[in-house]
Structures are given as C-alpha cells and as structure tokens.
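Beneath this line is the structure, given in structure tokens, with notes to follow.
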Amino acid sequence: MSGKNTRRDLIFADRHMSAVLIENVENCEVDGIVVNLSPEIIEVEGKVNAPIFPWRSTIVRNKQVISARRIAVLKITEIENLGGVMFRGWQWFGEQFAGFPRETPLYVSKIDSVGTVQEDPFAFTREKPVAEPSRRQEFEIRLKCWWSPCETDCFIHTEHPFLEVHTQIHGEGRMQKFRENDASTIYEDVVMMPGFTHEPFCRVTGANEWTYPWHRYYTVREGIWLAIELHPLG
Ligand SMILES: [Fe+2]
47 MSGKNTRRDL IFADRHMSAV LIENVENCEV DGIVVNLSPE IIEVEGKVNA PIFPWRSTIV
107 RNKQVISARR IAVLKITEIE NLGGVMFRGW QWFGEQFAGF PRETPLYVSK IDSVGTVQED
167 PFAFTREKPV AEPSRRQEFE IRLKCWWSPC ETDCFIHTEH PFLEVHTQIH GEGRMQKFRE
227 NDASTIYEDV VMMPGFTHEP FCRVTGANEW TYPWHRYYTV REGIWLAIEL HPLG
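To convert, count from 1 in the sequence shown and add 46; that's the working numbering.
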C-alpha cells in the first residue's frame with residue numbers, strides 16, 4: 047500500500063501549466079482546478095464542505111480535499127507565450143489523424159496513463175444513478191491536453207472506442223453536438239469555462255461499445271482543455 051497524498055507531475059506539466067496527479071488523497075491542500083478521477087464523490091472542506099462528483103471538477107483556492115482515490119490539479123502559472131505549445135513538444139493533430147484539415151491549428155500534448163479504475167459505464171454516462179458492482183469493469187485512465195487559438199473548429203467526429211469527458215483549463219470554448227456531420231445541424235452548445243467539466247454525452251450500446259452524437263470542441267478564445275479518457279481493459 048502506497049502512502050497518502052502521493053504526487054507526481056503529469057507528462058504535460060511545464061513552466062506555463064502546473065499539472066499534478068495526487069493519489070490516496072487525505073486532507074490535502076490544493077490550489078487550482080481539481081478534477082475528480084475517482085468513481086466516487088469526493089469532498090472539499092470549506093465553511094460548508096462541498097462535493098465534487100465522479101469525473102467532474104471545480105476550482106479550489108487553497109483548501110483541502112478531504113479524501114479521494116485520485117485527483118488531478120491543474121493551474122496556469124505563466125500566461126506569456128502559453129500558446130507556444132508546439133515548441134514544447136505538443137503535436138499538430140494532423141500528425142496523428144490522417145485527413146485532418148491542414149489549416150486547423152489544433153495541437154495535442156503527450157498522453158499520460160495515470161492508472162486503472164473499476165467503473166460502471168452506465169454510472170459514467172449517468173444512465174444509472176449509482177454504480178452497480180456487477181457492471182463495474184476495468185478501465186485505463188488516460189489524460190492529455192489540447193490547445194487551439196480563438197475561433198477554431200476542432201473537427202466534428204462521432205467515433206470513440208472509449209469513454210470521454212473534457213475539463214476546461216484556460217480560455218473559453220464550446221462542446222457542441224450535431225444531428226449530422228454538418229455544423230449547421232447543431233442542437234446543443236455547452237459553454238466551457240475554466241474549471242468546468244461537461245457531462246458525458248455517450249450512451250452504452252453494447253459491451254465496450256459507446257455511441258456518441260456527432261460532436262466537436264470549438265474554441266471561442268485561446269484555450270487549453272483536458273481530455274479524460276477511460277479505455278476498457280481485458
Ligand atoms: Fe470526442
């Protein structure tokens with residue numbers, strides 16, 4: 047059994063952005079955007095203690111997370127030249143995804159695999175209010191960050207062999223859903239501001255099969271957002 051409040055930098059941490067993984071959290075003071083990477087509700091101390099639901103987040107200012115299996119804490123620490131991610135090892139997304147539009151300035155950090163979790167996919171998608179132990183399965187949690195300048199169409203897509211949500215770290219964007227692969231068919235526009243994680247928006251449609259609507263991230267102002275992906279194991 048490892049100790050309490052064990053921490054390490056995430057792979058995309060640099061002098062512009064502090065990004066720390068903390069595990070076996072117990073009365074741990076934090077300052078930044080706290081993402082709950084646990085399948086349980088966690089609590090932050092305050093005048094009145096407040097919950098952070100599984101796979102959700104909030105901004106915490108110098109307060110303690112009372113107890114959590116695993117959290118990430120992110121904070122922008124140097125705004126000048128924040129957008130130079132392509133000179134700090136982040137890759138233009140077209141290097142990883144053939145056919146990505148060459149004129150789209152979307153960059154992605156390296157991926158950090160932060161551990162495994164037993165989660166009920168129906169609880170993740172909110173199709174069931176509570177996790178059922180018999181439906182729990184093992185997932186690998188992968189984190190990565192995205193960056194784009196203002197007014198960037200980060201590509202409409204629909205297929206993911208994993209569960210995903212995103213947390214806004216810096217700037218402002220939208221998580222948008224579409225009836226078809228066509229921006230004019232938008233039917234939901236979720237405001238993404240720092241500290242916020244959108245609700246999951248896929249449905250469980252089979253074993254390790256999740257159906258997503260056509261969706262995209264759209265940058266309103268220069269932004270960094272964190273992708274939280276649960277990849278099925280076994
Ligand atoms: Fe997606």
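Backbone N, C-alpha and C fix where the C-beta goes; we use that ideal spot for every residue, glycine too. All of these numbers come straight from a predicted model, not from anything done at the bench.
Quiz item: So, do the stretch 159-179 and the stretch 105-113 have three or more beta carbon pairs nearer to each other than 8 Å?
Solution: Touching, no.
Practice problem: Under 7 Å Cβ to Cβ from His244, same chain only, skipping five residues before and after it: list those, please. | Solution: Locating residue 244 in the sequence shown gives position 198, where the first residue counts as 1. Within the same chain, His244 has close Cβ partners Val211, His212, Met221, Val236, Met238.
Quiz item: By the 10 Å Cβ neighbour count, where 16 or more other Cβ atoms means buried, how is Val94 classified, buried or exposed?
Solution: On the sequence shown, position 48 is the one that residue 94 refers to. Only exposed fits Val94, as fewer than 16 other CB atoms lie within 10 angstroms of its CB.
Exercise. Please determine, among Phe185, Ile187, Phe133, the residue with the shortest C-alpha to C-alpha distance to Tyr153.
Key: Locating residue 153 in the sequence shown gives position 107, counting from the first residue. In this structure, Phe133 is the residue among Phe185, Ile187, Phe133 with its C-alpha nearest to the C-alpha of Tyr153.
Quiz item: With distances taken between CB atoms, is the gap from Pro100 to Glu89 smaller than 7 Å?
Solution: Along the sequence shown, one-based indexing puts residue 100 at 54. Along the sequence shown, one-based indexing puts residue 89 at 43. Cβ distance not < 7 Å, so Pro100 and Glu89 don't count as in contact.
Self-check item: Cβ-Cβ distance between Leu128 and Ile79 below 7 Å
Solution: The sequence position of residue 128 within the sequence shown is 82, counting from 1. The sequence position of residue 79 within the sequence shown is 33, counting from 1. No.
Practice problem: Mind checking who Thr243 pairs with in its DSSP beta bridge? | Solution: Along the sequence shown, read from residue 1 onward, the residue named residue 243 stands at position 197. Answer is Thr213, bridged to Thr243.
Quiz item: With burial defined as no fewer than 16 other Cβ atoms inside 10 Å of the residue's Cβ, what is the status of Leu189: buried or exposed?
Solution: Taking the sequence shown and counting its residues from 1, the one referred to as residue 189 is at position 143. Around the C-beta of Leu189, 16 or more other C-beta atoms lie within 10 Å, and the residue is accordingly described as buried.
Exercise. Confirm, please, whether the CB-CB distance from Glu184 to Leu279 is below 7 Å.
Key: Locating residue 279 in the sequence shown gives position 233, where the first residue counts as 1. Locating residue 184 in the sequence shown gives position 138, where the first residue counts as 1. Cβ atoms of Leu279 and Glu184: closer than 7 Å.
Practice problem: Measure the C-alpha to C-alpha separation of Asp228 and Pro147 and round it to an integer number of angstroms. | Solution: Your numbering for residue 228 matches position 182 in the sequence shown. Your numbering for residue 147 matches position 101 in the sequence shown. Cα to Cα, the separation comes out at about 15 Å.
Self-check item: Own chain, CB closer than 6 Å to Ile232, minus 5 neighbours either side, in chain order
Solution: Within the sequence shown, numbered from 1, the residue matching residue 232 stands at position 186. So the list reads Gln222, Phe224, once near-sequence residues are dropped.
Quiz item: Leaving out five residues before and five after Ile270 in sequence, what residues of the same chain have Cβ atoms less than 6 Å from its Cβ?
Solution: Within the sequence shown, residue 270 is the residue found at index 224, counting from 1. The beta carbon of Ile270 sits closer than 6 Å to those of Cys191, Trp193, Ile215, His216, all from its chain and outside the five residues before and after it, given in chain order.
Quiz item: Which partner residues of Ile270 appear in the DSSP bridge assignment?
Solution: Along the sequence shown, read from residue 1 onward, the residue named residue 270 stands at position 224. Partner(s): Trp193, His216.
Self-check item: Complete alpha helix (DSSP H) runs within the stretch 77-154 (minimum length 4 residues, chain order)
Solution: For the stretch 77-154, not a single whole alpha helix (DSSP H) run of length 4 or above is found.
Self-check item: Same chain only: Cβ atoms within 7 Å of Asp55, ignoring 5 sequence neighbours per side
Solution: On the sequence shown, position 9 is the one that residue 55 refers to. Cβ neighbours of Asp55 beyond the five flanking positions: Ala65, Val66.
Quiz item: Does the distance from the C-beta atom of Leu209 to that of Phe168 stay below 7 Å?
Solution: As a working mapping, residue 209 is identified with position 163 in the sequence shown. As a working mapping, residue 168 is identified with position 122 in the sequence shown. No, the pair does not count as a contact, with Cβ atoms beyond the cut-off.
Quiz item: In angstroms, rounded to a whole number, what distance separates the CA positions of Ile112 and Asn70?
Solution: Reading the sequence shown from its first residue, position 66 is the one you call residue 112. Reading the sequence shown from its first residue, position 24 is the one you call residue 70. Computed Cα separation, rounded: 10 Å.
Quiz item: Among all residues, which have a Cβ less than 6 Å from at least one non-hydrogen atom of ligand 1, and in what chain order do they fall?
Solution: Taking every residue with its beta carbon within less than 6 Å of a heavy atom belonging to ligand 1 gives, in chain order, His203, His206, Glu210, His261.
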